[in-house]
Amino acid sequence: VAFVCVDQPDLPGLLRPEAVVTGDLAYVRFHGRNRQNWWQGDNTSRYDYLYSKEELFSWVERIRYLAAQVRLLLVAFNNHSRGQAVQNARELRNLVL
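In case it helps, the numbering used here puts the sequence shown at residues 55 to 151.
Right under this line is the structure:
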């Protein structure tokens, strides 16, 4: 069973971003860091977030670490509100490769 490594707002009660390996599969999920709408927002406004290059770069070493430890690494972006997920996935791919 894979632990889900998440990136989300830095709010009380939420998981901190970390790279944890629990098997031969690793899963990283980017929810966005929309603090303002996290608790009060709906499914659209909660995930309305565009990661900066610096925010994505903070994950590069973690992702490389995970990739070296597992058979399969999955990275998903859930900041889908206005198509930001596709843009950020491409940016992260370029940073990691």
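No residue lacks a Cβ here, since even glycine has one placed at the ideal position from N, Cα and C.
Taking the straight line between their C-alpha atoms, what separation do you get for residue i and residue j?
{"i": "V124", "j": "D96", "result": "35 Å"}
{"i": "D64", "j": "A121", "result": "25 Å"}
{"i": "L110", "j": "R144", "result": "11 Å"}
{"i": "Q90", "j": "V140", "result": "22 Å"}
{"i": "E108", "j": "L68", "result": "21 Å"}
Using the Cβ count rule (16 or more neighbours within 10 Å means buried), how would you classify residue i?
{"i": "N142", "result": "buried"}
{"i": "W113", "result": "buried"}
{"i": "S106", "result": "exposed"}
{"i": "R87", "result": "buried"}
Tell me, please, which residues DSSP counts as bridged to residue i.
{"i": "L127", "result": "A80"}
{"i": "V58", "result": "Y81"}
Once you ignore the five residues that flank residue i on each side, which residues in its own chain have a CB closer than 7 Å to its CB?
{"i": "Y119", "result": "A73"}
{"i": "H85", "result": "V60, D61, Q62, Y101, N132 and N133"}
{"i": "T98", "result": "S135"}
{"i": "A56", "result": "T76, G77, L79, A80 and Y81"}
{"i": "V58", "result": "Y81 and R83"}
{"i": "W92", "result": "P63, L65 and R100"}
In its own chain, which residues sit with a C-beta less than 8 Å from the C-beta of residue i, not counting the 5 before and 5 after it?
{"i": "L126", "result": "D78, L79 and A80"}
Quick one: residues in its chain with C-beta nearer than 6 Å to the C-beta of residue i, no 5 flanking neighbours on either side, listed in chain order?
{"i": "L104", "result": "Q138"}
{"i": "V150", "result": "V114 and I117"}
{"i": "V129", "result": "V82"}
{"i": "P71", "result": "D61"}
Taking only beta-carbon atoms, is residue i less than 8 Å away from chain B?
{"i": "D96", "result": "The structure shown contains no chain B; it is built from a single protein chain."}
At 4 residues or longer, what runs of the alpha helix (DSSP H) sit wholly inside the stretch 80-108? 89-92
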